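*Asks:* Before I ask anything, here is the structure I am working with.
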Amino acid sequence: MSDDPEHAARLLRAYQAQEKRFVERRFPLEFAPEVPVLRELYSQGKGLHWNPETDIAWDRLDPSRYDKPTREAASRTWSRRAWSVYPGLTESTALLIRFCLESGSLGMDAKLFLSFRPAEEAKHLEVCHMLAERFGGYATDPGEPGLARGSNHAFGQAALDGDLPVEAYVAALGALDDQLDLNLYLSHLQQAKDEIVRAALRLIACDRARHVAFAWAFLGSRLPSLDARGRAAVAAAVSDMLANVILAGYRNTWLLPEKSREPWLSAEAETARAGLGASSAAQERSVLRATIAQVRERLAAWKLDLPRAQHAELGAV
Amino acid sequence: MLIDKERTGAYVLESRYPLPLASAMPDVWDLWRRAKTLEWDPQTDIPWEELHPERYPAEQLLAAQMYWSRRTWGEYGAISESPALLLRFCLERQLPDLQFFFTMRTMEEGRHAEASWLMAERLGRYFPQPQNPPTAGAVGTHGVRRMAFDPETSLEGIFASLVCAAEEILIDVFKATVHKATNPAVRRLMELILRDEVRHIAFGWQCLDAWAPSFTQETVRNIEAAVTTMIENVEFRGYRNLWLAIEGGSATPAEIDADRISCEAGLGGNTPEDEMRVFPEFLRKIRKRMAPWGVNLPMFDHPRLGKV
Chain A
3 MSDDPEHAAR LLRAYQAQEK RFVERRFPLE FAPEVPVLRE LYSQGKGLHW NPETDIAWDR
63 LDPSRYDKPT REAASRTWSR RAWSVYPGLT ESTALLIRFC LESGSLGMDA KLFLSFRPAE
123 EAKHLEVCHM LAERFGGYAT DPGEPGLARG SNHAFGQAAL DGDLPVEAYV AALGALDDQL
183 DLNLYLSHLQ QAKDEIVRAA LRLIACDRAR HVAFAWAFLG SRLPSLDARG RAAVAAAVSD
243 MLANVILAGY RNTWLLPEKS REPWLSAEAE TARAGLGASS AAQERSVLRA TIAQVRERLA
303 AWKLDLPRAQ HAELGAV
Chain B
605 MLIDKERTGA YVLESRYPLP LASAMPDVWD LWRRAKTLEW DPQTDIPWEE LHPERYPAEQ
665 LLAAQMYWSR RTWGEYGAIS ESPALLLRFC LERQLPDLQF FFTMRTMEEG RHAEASWLMA
725 ERLGRYFPQP QNPPTAGAVG THGVRRMAFD PETSLEGIFA SLVCAAEEIL IDVFKATVHK
785 ATNPAVRRLM ELILRDEVRH IAFGWQCLDA WAPSFTQETV RNIEAAVTTM IENVEFRGYR
845 NLWLAIEGGS ATPAEIDADR ISCEAGLGGN TPEDEMRVFP EFLRKIRKRM APWGVNLPMF
905 DHPRLGKV
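Order-wise, the sequence lines are chains A and B.
Heads up, our numbering is the position in the first sequence plus 2, with the first residue counted as 1.
Heads up, our numbering is the position in the second sequence plus 604, with the first residue counted as 1.
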């Protein structure tokens, strides 16, 4: 239970106020597929389910093969990754509720898909926790205000914000942030040498690939009929996400304010060197640039412009 | 757009750290572990080829279609409403066991909704709404989302009303009638739903048992009020079974009778006689189960069940 019940109550009231702004029209309650590709992604989610405890050969993970500093680095890296996975529990749940509040007759494909996503996020969280524990211990707290702040955003509330079109939310969180997250996992997978870490990364990446595909498929089903105001909101949300969240170090430690990067950045470098599930800062830089280019090109297919964002170190991206 | 409201304080930021992830309630953690080993797919794990709707007369098919459509609407509530409880667990920083388990519950309820819809469809037709819109009030919502977001509504009360009352009676009726489902596809679906729901109910009781030593008088009163509301305003309004609705509302005779006809055809559902037998027993059971917490549930008057 919260050590600050007053703050928890404030949070609940904020969600309560947002929920009350919607008038749910549950009937007619349609279940038939309307966007077959989204229904297919839901079906894949059912068929590709896995169990972190039994589908990873934990007994073959041998942390003693690595020296103590490497193990400590890996436990830090996987702890940080757990913190970055955790918000997915609230965000995907809030988005599910948003779809339900908006309409009973529309969006069942998305609702069914999203009914699965929190459990998938929880499995990823469990894997991160298990890896951190096995390499020396999961850290419950960054202990560094800059990192704590940079990894904590109110995206769950944004999902329930009636002023923010759901398309804008999915574009910012799904098409940009989830895409970057997936591409980083793929990079970590390419660098990883430990077979158990590779298995864990591959399983997580498989789910995340579906999450990203959901975002693009959903946008493909909605954007062509979105009005000018909605389209502007989509472009603005993606731009905001890039400039104020991604480039502020939400996913990448090397983008955090300099005083907030350690010991996490060194830990990631060492984890990458040992092949235990990370990428070097240089590799991540390439992934980030490639992802932004990829997202910009795809949005352009719908005639949506993602303006360049300025960053002190990276320049215009 | 995304960040402005955060900066201006219109969104309230969570205080997320420390973020413990290790199990602190082994029994609940065990439910999360079991749920991961028991996943199933409505499309592939039900012997649909044994459904044979062509073997049933039109009246029975219509009743079964109505019954499974209605079940779909009820299961949808667990997608639309009760996931708000997961948000509450996270925002209140409840133990990780609760958070992990509830993610699986949301997934399982989505599966139940899909499976119930598929059953109605494959029996010939899914009805997307009640025949007369006013019944939507009775079947539409149990109000759990609103309760979950309300800090004045105790979590204990929500658990007791949603899990230990609404889900418990649903499963008691399922358990008491699954043997009547002679159709192999229907029976398998009921068994699979039952297997998941048993975990959902265990979760509620385990949490409340664990918290019971710290219950205050106010907690106990909250539980009593919440369960009473669930019985009187949800169950007795026909949320689960229209036959139980004290005020018939605008449900049609065909809708009210659908459960019985479907049940007698072996296609799922239950009869008024089943309700007469199971509902009082359910109330006796939860009264006894909650008594050690100091909870005293009142007797309920029902025109057909009598004083229960």
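C-beta: ideal position from N, C-alpha, C; glycine also.
As the structure is a prediction and not an experimental result, all values here were calculated from the model.
Work out the CA separation of residue 306 (chain A) and residue 160 (chain A) for me, nearest whole Å.
*Replies:* On the first sequence, residue 160 (chain A) is found 158 positions in, with the first residue counted as 1. On the first sequence, residue 306 (chain A) is found 304 positions in, with the first residue counted as 1. About 21 Å.
*Asks:* Expressed to the nearest angstrom, what Euclidean distance is found between the alpha-carbon atoms of residue 738 (chain B) and residue 780 (chain B)?
*Replies:* In the second sequence, counting from the first residue as 1, residue 738 (chain B) sits at position 134. In the second sequence, counting from the first residue as 1, residue 780 (chain B) sits at position 176. Residue placement at residue 738 (chain B) is flagged as unreliable, the pLDDT there being 47, under the threshold of 50; a coordinate-derived value is accordingly withheld.
*Asks:* Give me, in chain order, the residues of the same chain whose beta-carbon lies closer than 7 Å to that of residue 673 (chain B); leave out the 5 immediate sequence neighbours on both sides.
*Replies:* By 1-based counting over the second sequence, the position of residue 673 (chain B) is 69. Correct list, in chain order: 724, 730, 731.
*Asks:* From residue 809 (chain B) to residue 797 (chain B), what does the alpha carbon distance come to, in whole angstroms?
*Replies:* Walking along the second sequence from the start, residue 809 (chain B) turns up at place 205. Walking along the second sequence from the start, residue 797 (chain B) turns up at place 193. The straight-line gap from Cα to Cα measures roughly 19 Å.
*Asks:* Should residue 679 (chain B) and residue 720 (chain B) be called a contact, given that it needs their Cβ atoms to be closer than 7 Å?
*Replies:* On the second sequence, residue 679 (chain B) is found 75 positions in, with the first residue counted as 1. On the second sequence, residue 720 (chain B) is found 116 positions in, with the first residue counted as 1. Yes.
*Asks:* Closer than 7 Å by C-beta to residue 94 (chain A): which residues in its own chain qualify, once you throw out the five before and the five after it? Chain order, please.
*Replies:* Within the first sequence, numbered from 1, the residue matching residue 94 (chain A) stands at position 92. Excluding positions up to five away in sequence, the list reads 116, 119, 120, 123.
*Asks:* Can you name, in chain order, every residue of its own chain whose Cβ lies under 6 Å from the Cβ of residue 223 (chain A), other than the five neighbours on each side?
*Replies:* The count along the first sequence starts at 1 and reaches residue 223 (chain A) at position 221. Here the set comprises 37.
*Asks:* Counting only beta-carbon atoms, is residue 650 (chain B) nearer than 7 Å to chain A?
*Replies:* Walking along the second sequence from the start, residue 650 (chain B) turns up at place 46. Chain A contact via Cβ: absent.
*Asks:* Between residue 671 (chain B) and chain A, is the shortest Cβ-Cβ distance under 7 Å, so that the two count as touching?
*Replies:* If you number the second sequence from 1, residue 671 (chain B) lands on position 67. Answer no: the Cβ-Cβ gap between residue 671 (chain B) and chain A never drops below 7 Å.
*Asks:* Any chance the stretch 9 to 27 of chain A sits against the stretch 203 to 211 of chain A, with 3 or more Cβ pairs inside 8 Å?
*Replies:* Touching, no.
*Asks:* How about residue 53 (chain A): is its C-beta nearer than 7 Å to some C-beta of chain B?
*Replies:* The count along the first sequence starts at 1 and reaches residue 53 (chain A) at position 51. True, the Cβ-Cβ gap to chain B drops below 7 Å.
*Asks:* Where does residue 905 (chain B) sit, in a helix, a strand or coil, going by DSSP?
*Replies:* Numbered from its first residue, the second sequence carries residue 905 (chain B) at position 301. Three-state result, residue 905 (chain B): strand.
*Asks:* Do residue 162 (chain A) and residue 20 (chain A) have their beta-carbon atoms positioned less than 7 Å apart in this structure?
*Replies:* By 1-based counting over the first sequence, the position of residue 20 (chain A) is 18. By 1-based counting over the first sequence, the position of residue 162 (chain A) is 160. Yes, they are a contact pair.
*Asks:* Could you name the residues of the same chain whose beta carbon sits closer than 7 Å to that of residue 187 (chain A), not counting the 5 residues immediately before and after it, in chain order?
*Replies:* Here the question's residue 187 (chain A) lines up with position 185 in the first sequence. 203, 206, 207, 210, listed in sequence order.
*Asks:* Closer than 7 Å by C-beta to residue 42 (chain A): which residues in its own chain qualify, once you throw out the five before and the five after it? Chain order, please.
*Replies:* Locating residue 42 (chain A) in the first sequence gives position 40, where the first residue counts as 1. Closer than 7 Å at Cβ, skipping near neighbours: no residue.
*Asks:* In angstroms, rounded to a whole number, what distance separates the CA positions of residue 829 (chain B) and residue 802 (chain B)?
*Replies:* In the second sequence, counting from the first residue as 1, residue 829 (chain B) sits at position 225. In the second sequence, counting from the first residue as 1, residue 802 (chain B) sits at position 198. So the alpha carbons of these two residues sit roughly 24 Å apart.
*Asks:* Within the present structure, is the beta-carbon of residue 12 (chain A) separated from the nearest heavy atom of the ligand COA by less than 6 Å?
*Replies:* Looking for the ligand COA in the displayed structure turns up nothing, as the structure carries no ligands at all.
*Asks:* Closest to residue 82 (chain A) by CA distance: which of A:226, A:169, A:273 is it?
*Replies:* On the first sequence, residue 82 (chain A) is found 80 positions in, with the first residue counted as 1. Answer by Cα proximity: A:273.
*Asks:* Of all the options B:623, B:776, B:871, which has the alpha carbon lying nearest to the alpha carbon of residue 878 (chain B)?
*Replies:* For the purposes of this step, residue 878 (chain B) is identified with residue 274 of the second sequence, where counting begins at 1. For residue 878 (chain B), the nearest C-alpha among the options comes from B:776.
*Asks:* Do you know whose CA, among B:847, B:891, B:635, B:713, lies nearest residue 874 (chain B)'s CA?
*Replies:* Position 270 of the second sequence holds residue 874 (chain B). Among B:847, B:891, B:635, B:713, the Cα nearest to that of residue 874 (chain B) belongs to B:847.
*Asks:* Would the stretch 83 to 91 of chain A and the stretch 124 to 135 of chain A be scored as touching if the rule is three or more Cβ pairs under 8 Å?
*Replies:* Judged by Cβ distances under 8 Å, the stretch 83 to 91 of chain A makes contact with the stretch 124 to 135 of chain A, as three or more pairs qualify.
*Asks:* Taking just the CA atoms, how far does residue 228 (chain A) sit from residue 178 (chain A)?
*Replies:* One-based indexing of the first sequence puts residue 178 (chain A) at position 176. One-based indexing of the first sequence puts residue 228 (chain A) at position 226. Their backbone Cα atoms lie some 19 Å apart in a straight line.
*Asks:* Tell whether a beta-carbon distance below 7 Å holds between residue 262 (chain A) and residue 309 (chain A).
*Replies:* As a working note, residue 262 (chain A) is residue 260 in the first sequence. As a working note, residue 309 (chain A) is residue 307 in the first sequence. No, they are not a contact pair.
*Asks:* Note down the Cα distance separating residue 837 (chain B) from residue 47 (chain A), rounded to an integer number of angstroms.
*Replies:* As a position in the second sequence, residue 837 (chain B) is number 233, starting the count at 1. As a position in the first sequence, residue 47 (chain A) is number 45, starting the count at 1. Approximately 37 Å between the Cα atoms of the pair.
*Asks:* Kindly list, in the order they appear in chain B, the residues whose Cβ is closer than 8 Å to that of residue 80 (chain A).
*Replies:* The residue you call residue 80 (chain A) lines up with position 78 of the first sequence. The contacting residues do not exist; residue 80 (chain A) stays about 11 Å from chain B at best.
*Asks:* Quick one: give me the first and last residue of the alpha helix (DSSP H) that residue 797 (chain B) is part of.
*Replies:* As a working note, residue 797 (chain B) is residue 193 in the second sequence. Run containing residue 797 (chain B): 788 to 815, per the alpha helix (DSSP H) assignment.
*Asks:* So what's residue 743 (chain B) in DSSP terms, helix, strand or just coil?
*Replies:* Stepping through the second sequence from its first residue, residue 743 (chain B) is reached at position 139. With a pLDDT of only 48 at residue 743 (chain B), under the threshold of 50, the placement of this residue in the model should not be trusted; the figure read from the coordinates follows. The answer is helix: DSSP assigns residue 743 (chain B) an H, G or I state.
*Asks:* State the Cα-Cα distance for the pair residue 683 (chain B) and residue 260 (chain A), rounded to the nearest angstrom.
*Replies:* The residue labelled residue 683 (chain B) in the question sits at position 79 within the second sequence. The residue labelled residue 260 (chain A) in the question sits at position 258 within the first sequence. In a straight line, the C-alpha of residue 683 (chain B) is about 43 Å away from that of residue 260 (chain A).
*Asks:* Using a cut-off of 7 Å between C-beta atoms, extract the partners of residue 688 (chain B) located in chain A.
*Replies:* As a first step, residue 688 (chain B) is located in the second sequence; it is residue number 84 there, counting from the start. Neighbours of residue 688 (chain B) on chain A, chain order: 99.
*Asks:* What residues from chain B crowd round residue 68 (chain A), counting only those whose CB sits closer than 8 Å?
*Replies:* Position 66 of the first sequence, counted from the first residue, corresponds to residue 68 (chain A). Ordered by position in chain B, no residue passes the 8 Å Cβ test against residue 68 (chain A), which lies about 22 Å from the chain.
*Asks:* To the nearest angstrom, report how far apart residue 314 (chain A) and residue 199 (chain A) are at their CA atoms.
*Replies:* Mapped onto the first sequence, residue 314 (chain A) falls at position 312. Mapped onto the first sequence, residue 199 (chain A) falls at position 197. For residue 314 (chain A) and residue 199 (chain A), the distance between alpha carbons rounds to 34 Å.
*Asks:* Between the alpha carbons of residue 301 (chain A) and residue 226 (chain A), how many angstroms are there, rounded?
*Replies:* Residue numbering aside, residue 301 (chain A) sits at position 299 when the first sequence is read from its first letter. Residue numbering aside, residue 226 (chain A) sits at position 224 when the first sequence is read from its first letter. Computed Cα separation, rounded: 11 Å.
*Asks:* Please name the residues in the stretch 201 to 229 of chain A whose beta-carbon is closer than 9 Å to at least one beta-carbon of chain B, in chain order.
*Replies:* Within the stretch 201 to 229 of chain A, no residue has a Cβ that lies closer than 9 Å to any Cβ of chain B.
*Asks:* Mind checking if residue 13 (chain A) is an interface residue toward chain B, Cβ cutoff 7 Å exclusive?
*Replies:* The residue you call residue 13 (chain A) lines up with position 11 of the first sequence. Judged by the 7 Å Cβ criterion, residue 13 (chain A) is in contact with chain B.
*Asks:* Where do the ends of the alpha helix (DSSP H) carrying residue 552 (chain B) lie?
*Replies:* Any property of residue 552 (chain B) remains undetermined from this structure, which presents chain B solely from 605 to 912.
*Asks:* In chain order, what residues of the same chain lie with their CB nearer than 6 Å to the CB of residue 761 (chain B), ignoring the 5 residues before and after it?
*Replies:* Position 157 of the second sequence holds residue 761 (chain B). Once the five neighbours on either side are set aside, the close Cβ partners of residue 761 (chain B) are 826, 827, 830.
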